[in-house]
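Numbering (the working numbering), first residue to last: -4 to 955.
The C-beta atom is built at its ideal place from N, Cα and C for all residues, glycine as well.
Here is the structure:
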């Protein structure tokens, strides 16, 4: 400890830990340790990284430092750790002013291995002397043949092309650029695609040398690891540096004398119009992130004013008919940014949008923030503090402290959440929230009003500009320069293709088989009965919280109404009931429970053949002494929801479609992958209808034709409710301490007694999956390329734990090297699941046909697969690690329920684990026929740009 100066030591009840704050004397690095009994140990190191331009250097460095280091001189130690570590978290992230490298593991040995690899990566990276790393991870010009046109590619370049295909990402950039014209918060830390192409190796290295130094480092330890050993390992790196007095401060933006007004455009289809598809945004710079009371106040105001159903600004926005939905973005960087965003608005309403917000805020100040709403929001905060329902507590606490810590706040203060909330409650009674609104909203000129309009053809303009630039580049090159570019391209490909030898890979610290737990963990369900209703219980220590679900089997509803079942889940709890207005119900839930909401869940039953099993759930969590409140709310939502208010239904449907439209743009990968899998079995086909692209088009049709569809919607809601919500169609699930079961049982008896007792008829849904080979086009610069397959129907292969290892190898060895490293896609995955489904997927991929060609080569890869026992052990460890992620007690209850409905016994779970542990290289080779069949069925689903889809139209049966 003599090499570190203790700044403060304090016990923090929130984390049940002694917390230490040190500074390394020689280098100046700051160090925090949260010393508690949590076995899920966390290490993180972060650097303040203000962008100096839009080239994305902070983001590219985040990728690049993990591509080999002095002590670990291989192409990607990070990827080797993914293959063979017991990490429970392993990643790196870039923010607008920070780059951070967190890892976590339950294993002591693994934890210290991970820490050392990360420390060597950030302080001794190979990128300093190897320009191939920037070309691979950042950007490059690629040309393989003289007759071809050169192309721009690179992992981050393609990632950000995909990111900026989302109009909301472009809008966010526009807002920040307008609010912070003079510092890094107005620049793209991730990298703006056009600007990335200007980044030079010299600029890249200079930025690294300035920012990746202990003097600019924030180091974090959490959990039960030996603190002395942590500090000793850390000092081995920090002691190589001295304090230089370098300045890493970010000069705050000078406040504006008057508000700004800005217009912008995003790529859109021909059908989009400025009158219905414009985003309106009002962004404000609102104080410093070191003001913890202000941060909490702003977070609470978001809930009170916008997020809850009766929020003053939400209601004003809806009544003014400004658009389909309003939300708030809040970014607590050095200068906090608070942005109101309206969806599906009219560009001409920009000033009206601002006026409605400001006049509503004035009214809130004059009348005072609604105390009843405030009480419900604060209750939720207090409930969350008591619950602590997060298995990654170490990471969570790091994220809570790091942003304010970088700007001089004592990091220990940042994790005393209960104290902060109590202080805020006192300040609220003295008018603090009203003062915040006055100071930071009503009397704040540091703001920008943005109308962000759709522009058809803009994407084609951007692509044409890039094509012209590449043509000019090629035309400007001499024959010798073209030959050099081709040679450089092939040399990089050879570097990427070269397999490292076992001797080279031996530098990465590894675990042994003895470090792995051979025993699976059991989460037993206890079957009980309450008044004739099956009640499934998972017993665990829950801090006197009950997690309860009322489960209603959906197969009592005719199949032609199944989409309406999913839609019903969007409305229950947000409409009036017999005893509550929707606003009163919302406040009641927040006041007395931790949550209460409907959802849908899907299981595959394994009873000789797979059968889909779909449930409509109303689930919540509550303190044991208030369990009657939760069961009453569930009863009210299920039995007494009123769908007759046409305007309310219209407003909700508009919001639902708007959010769905946004999500399908931001989470495209998941929708396309699930669409591909729906080609093969009933469960996936039904899930697609309930949650996927089919459901999206269903919601869109209702939204576009609401007046003609309203009567049909209400008739179907009422019909479905009567079929679903009855005693004989109910199963209960609870995660509860045994001592609290009797109290829960009494409450549930009242609930059950009030349910209708009519008979039910179960008619299992049957659908016939069909391979559709579809392509979906959109305003995007990248592709999502999925091939799917059902091995259980057309091969002799049955589910085996060894398939977990096969999936790891295909993802981290085969696809990673071919699709990500060489192909430039941001991500790629092989997933093989117990329900018989198998898929290859790429994410933010510049290619389409080339990626499908890579998928074809998986057979050859597996046929020729060879690995030593040491190499196989890495993959086995990686597969076991995925099974051993830490989970909370409520998550254990959910896992128990999934196993129960899936018909999986603990013996099945243990057998699968044993199969993983005993996997050999020959076992992997034996899967070659599986891959051959996978290729021969060639079922694909793609999302991509219109031009590249049409160039490959022969691959598809249908383009939408």
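- request: Count the other CB atoms, across all protein chains shown, that sit within 10 Å of the CB of residue 165; report buried if there are 16 or more and exposed otherwise.
  value: buried
message: Going by DSSP in three states, residue 937 sits in which element: helix, strand or coil?
response: strand
field: Boundaries of the beta strand (DSSP E) in which residue 169 is found, first to last residue
entry: Per DSSP, residue 169 belongs to no beta strand (DSSP E); it is in the alpha helix (DSSP H), 162 to 174.
query: Relative to the C-alpha of residue 629, which residue among 593, 642 and 654 is closest?
result: 593
Residue range of the unbroken alpha helix (DSSP H) whose run includes residue 320: Run containing residue 320: none in the alpha helix (DSSP H); it sits in the beta strand (DSSP E), 320 to 326.
task: Starting from residue 825, follow the alpha helix (DSSP H) in both directions and report where the run begins and ends.
output: First-last for residue 825: 822 to 827, but that is the beta strand (DSSP E), not the alpha helix (DSSP H).
field: residue 550 classed as buried or exposed, judged by whether at least 16 other C-beta atoms fall within 10 angstroms
entry: buried
task: Please specify which runs of the beta strand (DSSP E), each continuous and at least 3 residues long, are wholly inside the region 273 to 325, giving them in chain order.
output: 273 to 283
- request: Mind checking which residues open and close the beta strand (DSSP E) that includes residue 337?
  value: 330 to 340
task: Would you tell me roughly how many angstroms separate the C-alpha atoms of residue 316 and residue 642, rounded to the nearest one?
output: 11 angstroms
query: How big is the Cα-Cα spacing for residue 510 and residue 905?
result: 17 angstroms
- request: Rank 27, 953, 590 and 421 by C-alpha distance to the C-alpha of residue 218 and give the top, closest one.
  value: 27
- request: Tell me the start and end of each unbroken alpha helix (DSSP H) in the region 491 to 555 that is at least 4 residues and wholly inside, in chain order.
  value: 497 to 500
field: residue 4 and residue 18 closer than 8 angstroms at C-beta
entry: no
message: Output needed for residue 693: all residues of its chain with C-beta closer than 6 angstroms, excluding positions within five of it in sequence on either side, in chain order.
response: 558
- request: Could you name the residues of the same chain whose beta carbon sits closer than 7 angstroms to that of residue 119, not counting the 5 residues immediately before and after it, in chain order?
  value: 64, 65 and 66
task: Take the Cβ of residue 74 as the centre, count every other Cβ of all protein chains shown within 10 Å, and call the residue buried at 16 or more, exposed below.
output: buried
query: How would you call residue 583, buried or exposed, if buried means at least 16 neighbouring beta carbons within 10 angstroms?
result: buried
query: Based on Cα-Cα distance, which residue from 824, 70 and 760 lies nearest to residue 664?
result: 824
query: Which runs of the beta strand (DSSP E) fall wholly inside the region 193 to 242 and span at least 3 residues, in chain order?
result: 212 to 218
Option in 951, 945 and 887 with minimal Cα separation from residue 385: 887
- request: Quick one: using the 10 Å Cβ neighbour count with 16 as the cut-off for buried, is residue 6 buried or exposed?
  value: exposed
query: What residue ranges within the region 137 to 164 form continuous beta strand (DSSP E) runs of no fewer than 3 residues, ordered along the chain?
result: 146 to 148
field: Same chain, Cβ closer than 6 angstroms to residue 441, five either side skipped, listed in chain order
entry: 250, 251 and 280
- prompt: Could you give the residue range of the beta strand (DSSP E) that holds residue 835?
  reply: 832 to 838
field: Coil, strand or helix - residue 953 by DSSP
entry: strand
- request: Report yes if the CB atom of residue 675 is closer than 8 angstroms to the CB atom of residue 832, and no otherwise.
  value: yes
query: Looking at the unbroken beta strand (DSSP E) that takes in residue 3, where does it start and where does it end?
result: -1 to 7
message: Assuming residue 685 is part of the alpha helix (DSSP H), what are its boundary residues?
response: 677 to 686
task: Check whether the Cβ atoms of residue 591 and residue 564 lie closer than 8 angstroms to each other.
output: no
query: Would you call residue 703 buried or exposed, if buried means 16 or more other Cβ atoms sit within 10 Å of its Cβ?
result: exposed
query: From which residue to which residue does the beta strand (DSSP E) around residue 95 run?
result: 93 to 100
- request: Provide the residue span of the beta strand (DSSP E) that contains residue 770, from first to last.
  value: 769 to 773
- prompt: Closest to residue 730 by CA distance: which of 437, 54 and 537 is it?
  reply: 537
- prompt: Is there contact here, the region 800 to 818 with the region 755 to 762, by at least three beta-carbon pairs under 8 angstroms?
  reply: no
- request: My understanding is that residue 415 touches residue 289, with C-beta atoms under 8 angstroms, so please give their C-beta distance in whole angstroms.
  value: So it is not a contact: roughly 11 angstroms between Cβ atoms.
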